[in-house]
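Novice: Below is the structure I would like to discuss, written out as structure tokens.
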Amino acid sequence: MHAVMAKRLLPHQPSEDTPHPDDELESPAIEAAALAIAVPAATDQTLQKAFWERYNSPEKSFKPAPEGTTILRFEILMAHIMPREGDDPKLKRYVVYELTVRQDSQVMDAQPAKLERRYTDFRELYQCLKREHPNELGQLNFPNKVLMGNFSADLIRERSMAFETFLSHVAAQPLLKESPAFLRFLQHEELTRACQYLDERRNEMAIPILENCFRLLNKIYMNRSRPVVLILCRLVAACTVSPVPHLAAERWALLALSRFDTLCDIDLLPLYIPLLHTCTHLWWQRGQDQKPITDRLTEMSRQGINTANITSLTQAIHKLDPRTETI
Numbered sequence: 001m002h003a004v005m006a007k008r009l010l011p012h013q014p015s016e017d018t019p020h021p022d023d024e025l026e027s028p029a030i031e032a033a034a035l036a037i038a039v040p041a042a043t044d045q046t047l048q049k050a051f052w053e054r055y056n057s058p059e060k061s062f063k064p065a066p067e068g069t070t071i072l073r074f075e076i077l078m079a080h081i082m083p084r085e086g087d088d089p090k091l092k093r094y095v096v097y098e099l100t101v102r103q104d105s106q107v108m109d110a111q112p113a114k115l116e117r118r119y120t121d122f123r124e125l126y127q128c129l130k131r132e133h134p135n136e137l138g139q140l141n142f143p144n145k146v147l148m149g150n151f152s153a154d155l156i157r158e159r160s161m162a163f164e165t166f167l168s169h170v171a172a173q174p175l176l177k178e179s180p181a182f183l184r185f186l187q188h189e190e191l192t193r194a195c196q197y198l199d200e201r202r203n204e205m206a207i208p209i210l211e212n213c214f215r216l217l218n219k220i221y222m223n224r225s226r227p228v229v230l231i232l233c234r235l236v237a238a239c240t241v242s243p244v245p246h247l248a249a250e251r252w253a254l255l256a257l258s259r260f261d262t263l264c265d266i267d268l269l270p271l272y273i274p275l276l277h278t279c280t281h282l283w284w285q286r287g288q289d290q291k292p293i294t295d296r297l298t299e300m301s302r303q304g305i306n307t308a309n310i311t312s313l314t315q316a317i318h319k320l321d322p323r324t325e326t327i
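Counting with UniProt numbering, you get residues 1 to 327 for the letters of the sequence shown.
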């Protein structure tokens, strides 16, 4: 089967999402950045809603990577106090940190990925990694819980910088980066929400979430790694399951086909034939030449490989990574 993978199916346009080697973030400009507090006027202090934002924008603090290299950067540029204005004031308040992930080169990454996490999410990841890989975490300090002052600008600033350092360290350590706990931290919340939308046949809501997940994982992992290929195939399935394919369907399908060139992960190969059938149908819908794909299926069949379309791409994905969506 591996020999079959070596032949390129279709001409592939270079992807703007192609990942690069990882590096740590040690930016003096960011370390020195201040956080500002903006609080709307309110008579009852318990009803005040606020957000913190760094004075220094990414553009002002940006430092190009050395020529020919890239730097993986984790930055928390803003934090919100929840619940938001208008929500039940009796609900417990907490801080949501907006994390931006960039793969910078000589220029700033034009397509950063973003996700929102609470202190408890960072702490859960830290505790899990500490149990499983204590040596790899070394002497890295993690901010402790506090009983008072959770919403002070100073505490949010300190925690934001600590979280950036923590994630940069995790991404730079192979054992930590490849841990299930880190992958769960990166995608579980968003992927669960996207799959719920797919279950409700609200693909237009799921696709932007899956695109952001792909950009995120593609910056952190190798471009043919299991997490990246899985999320990419899930994105292709979401774009093509409706009678009218999404406008971005062909772009993601081409990229997925290219990722299966010389793929070595035997566990991911069950996705390949459903992906080929999905692309054949998509090419037919778009009035494009299907022959390069059908020729590949014929070649594989002659080699004794069962190419019958017995499962859909979504079903094949679900067997490898069960989620909530209907199959």
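All C-beta atoms, glycine included, are put in the ideal place defined by N, C-alpha and C.
Can you grab the Cα-Cα spacing for the pair Leu232 / Ala206, in whole Å?
Specialist: Here the question's residue 232 lines up with position 232 in the sequence shown. Here the question's residue 206 lines up with position 206 in the sequence shown. Using only the alpha carbons, I get a separation of about 13 Å.
Novice: Would you list the residues sitting across from Leu271 in a DSSP beta bridge?
Specialist: Sequence index remark: in the sequence shown, residue 271 carries index 271 (1-based). In the DSSP output, where bridge partners are listed per residue, Leu271 has none listed.
Novice: Is there contact here, the segment 262-269 with the segment 284-298, by at least three beta-carbon pairs under 8 Å?
Specialist: Segments in contact, no.
Novice: Since Ala113 sits in a beta bridge, which residues does DSSP pair it with?
Specialist: For this step, residue 113 is matched to residue 113 along the sequence shown. For Ala113, which the question treats as bridged, DSSP gives the partners Val101.
Novice: Based on Cα-Cα distance, which residue from His188, Ala237, Leu175 and Val101 lies nearest to Glu204?
Specialist: Your numbering for residue 204 matches position 204 in the sequence shown. Selected option, being the one with the closest Cα: Ala237.
Novice: What residue from Ile305, Leu230, Asn309 and Ser312 has the CA that sits closest to Leu320's CA?
Specialist: Taking the sequence shown and counting its residues from 1, one reaches residue 320 at position 320. Leu320 has its Cα closest to that of Leu230, out of Ile305, Leu230, Asn309 and Ser312.
Novice: Could you check if Ser57 is buried or exposed, using at least 16 other CB atoms within 10 Å of its CB as the buried criterion?
Specialist: Position 57 of the sequence shown, counting from 1, holds the residue named residue 57. Looking at its Cβ environment, which holds fewer than 16 other Cβ atoms inside 10 Å, Ser57 is exposed.
Novice: Which value, in whole angstroms, describes the spacing of the CA atoms of Asp121 and Tyr97?
Specialist: On the sequence shown, position 121 is the one that residue 121 refers to. On the sequence shown, position 97 is the one that residue 97 refers to. Cα-Cα distance, rounded: 10 Å.
Novice: Can you list, in chain order, the residues of its chain with a C-beta nearer than 8 Å to that of Leu99? Leave out the 5 residues immediately preceding and following it.
Specialist: Position 99 of the sequence shown, counted from the first residue, corresponds to residue 99. Phe74, Glu75, Ile76, Lys114, Leu115, Glu116, Arg117, Phe163 and Leu167, listed in sequence order.
Novice: Please report how far the alpha carbon of Pro134 lies from the alpha carbon of Ser160, in whole angstroms.
Specialist: Numbered from its first residue, the sequence shown carries residue 134 at position 134. Numbered from its first residue, the sequence shown carries residue 160 at position 160. Their backbone Cα atoms lie some 22 Å apart in a straight line.
Novice: Return the chain-ordered list of same chain residues with a C-beta closer than 6 Å to the C-beta of His277, the five sequence neighbours on each side being excluded.
Specialist: Here the question's residue 277 lines up with position 277 in the sequence shown. If we look at His277 and ignore the five residues flanking it on each side, its Cβ neighbours are Asn309.
Novice: Can you tell me the Cα-Cα spacing of Leu125 and Arg131, whole angstroms?
Specialist: Indexing the sequence shown from 1 puts residue 125 at position 125. Indexing the sequence shown from 1 puts residue 131 at position 131. Taking the straight line from one Cα to the other gives about 10 Å.
Novice: Here's the rule I'm using: 16 or more other beta-carbon atoms within 10 Å means buried, otherwise exposed. How should Asn212 be labelled?
Specialist: Counting from one through the sequence shown, the residue named residue 212 turns up at place 212. That one is buried.
Novice: What are the boundary residues of the beta strand (DSSP E) that Ile76 is part of?
Specialist: For the purposes of this step, residue 76 is taken as residue 76 along the sequence shown, with counting starting at 1. First-last of the beta strand (DSSP E) with Ile76: Ile71 to Met82.
Novice: Compute the beta-carbon to beta-carbon distance between Leu282 and Glu250, rounded to the nearest angstrom, for a pair I have assumed lies under 8 Å.
Specialist: Against the sequence shown, residue 282 aligns to sequence position 282. Against the sequence shown, residue 250 aligns to sequence position 250. 7 Å between Cβ atoms; contact.
Novice: So what does DSSP say about Phe142, is it helix, strand or coil?
Specialist: What you label residue 142 is simply residue 142 of the sequence shown in a count that begins at 1. The answer is coil: DSSP assigns Phe142 none of H, G, I, E or B.
Novice: Classify Trp284: buried if its beta carbon has 16 or more other beta carbons within 10 angstroms, exposed otherwise.
Specialist: To locate residue 284, count along the sequence shown from 1; it is residue 284. Trp284 should be labelled exposed.
Novice: Counting only beta-carbon atoms, is Val146 nearer than 8 Å to chain D?
Specialist: Any reference to chain D falls outside this structure, which holds one protein chain only.
Novice: Would you grab the beta carbon distance between Asp199 and Thr324 for me? Rounded to a whole angstrom, and I think it's under 8 Å.
Specialist: Within the sequence shown, numbered from 1, the residue matching residue 199 stands at position 199. Within the sequence shown, numbered from 1, the residue matching residue 324 stands at position 324. Rounded, the Cβ-Cβ distance is 6 Å, consistent with contact.
Novice: From the DSSP secondary-structure annotation, give me the bridge partner or partners of Arg251.
Specialist: Start at 1 with the first residue of the sequence shown, and residue 251 comes out as number 251. DSSP output for Arg251 lists no bridge partner at all.
Novice: Identify whether Tyr221 lies in helix, strand or coil by the three-state DSSP scheme.
Specialist: By 1-based counting over the sequence shown, the position of residue 221 is 221. Tyr221: coil per DSSP, three-state reduction.
Novice: Taking its Cβ as the centre, do 16 or more other Cβ atoms sit within 10 Å of Ser301, making it buried, or is it exposed?
Specialist: Here residue 301 is taken as the residue at index 301 of the sequence shown, counted from 1. So Ser301 counts as exposed.
Novice: Within this structure, are the beta carbons of Phe51 and Met78 separated by less than 8 Å?
Specialist: The residue you call residue 51 lines up with position 51 of the sequence shown. The residue you call residue 78 lines up with position 78 of the sequence shown. Yes, these two residues count as a Cβ contact at 8 Å.
Novice: Under three-state DSSP, which class holds Phe62?
Specialist: Mapped onto the sequence shown, residue 62 falls at position 62. Of the three classes helix, strand and coil, the one that applies to Phe62 here is coil, per DSSP.
Novice: Using a threshold of 8 Å, state whether the C-beta atoms of Ile209 and Lys177 are closer than that.
Specialist: Taking the first residue of the sequence shown as 1, we reach residue 209 at position 209. Taking the first residue of the sequence shown as 1, we reach residue 177 at position 177. The answer is no: Cβ separation not under 8 Å.
Novice: Would you report the Cα separation of Ala194 and Ser179, rounded to the nearest angstrom?
Specialist: Translated into positions along the sequence shown, residue 194 becomes position 194. Translated into positions along the sequence shown, residue 179 becomes position 179. One C-alpha to the other measures close to 22 Å.
Novice: Spatial neighbours of Phe182 within its chain, please: C-beta separation below 7 Å, excluding the five flanking residues on both sides.
Specialist: Position 182 of the sequence shown holds residue 182. These residues qualify, in order along the chain: Leu125, Val170 and Leu176.
Novice: Use the C-beta contact count for Leu137: other C-beta atoms within 10 angstroms, 16 or more gives buried, fewer gives exposed.
Specialist: Stepping through the sequence shown from its first residue, residue 137 is reached at position 137. By the 10 Å Cβ count, Leu137 comes out buried.
Novice: Going by DSSP, name the residue or residues bridged to Tyr94.
Specialist: As a first step, residue 94 must be located in the sequence shown, where it is residue number 94. Answer is Met82, bridged to Tyr94.
Novice: With a 10 Å radius around its C-beta and 16 neighbouring C-beta atoms as the bar for buried, classify Gln139 as buried or exposed.
Specialist: Reading the sequence shown from its first residue, position 139 is the one you call residue 139. By the neighbour-count rule (16 or more Cβ atoms within 10 Å), Gln139 is not buried but exposed.
Novice: Among all the DSSP beta bridges, which residues are the ones paired with residue 408?
Specialist: The requested residue 408 does not occur in the structure, where the chain is confined to residues 1 to 327.
Novice: If we count the other Cβ atoms within 10 Å of its Cβ and call it buried at 16 or more, is Asp261 buried or exposed?
Specialist: Sequence index remark: in the sequence shown, residue 261 carries index 261 (1-based). With fewer than 16 other Cβ atoms within 10 Å, it is exposed.
Novice: Ala316: which of Cys239, Ile273 and Val241 sits nearest, CA to CA?
Specialist: Translated into positions along the sequence shown, residue 316 becomes position 316. Considering only alpha carbons, the answer is Ile273.
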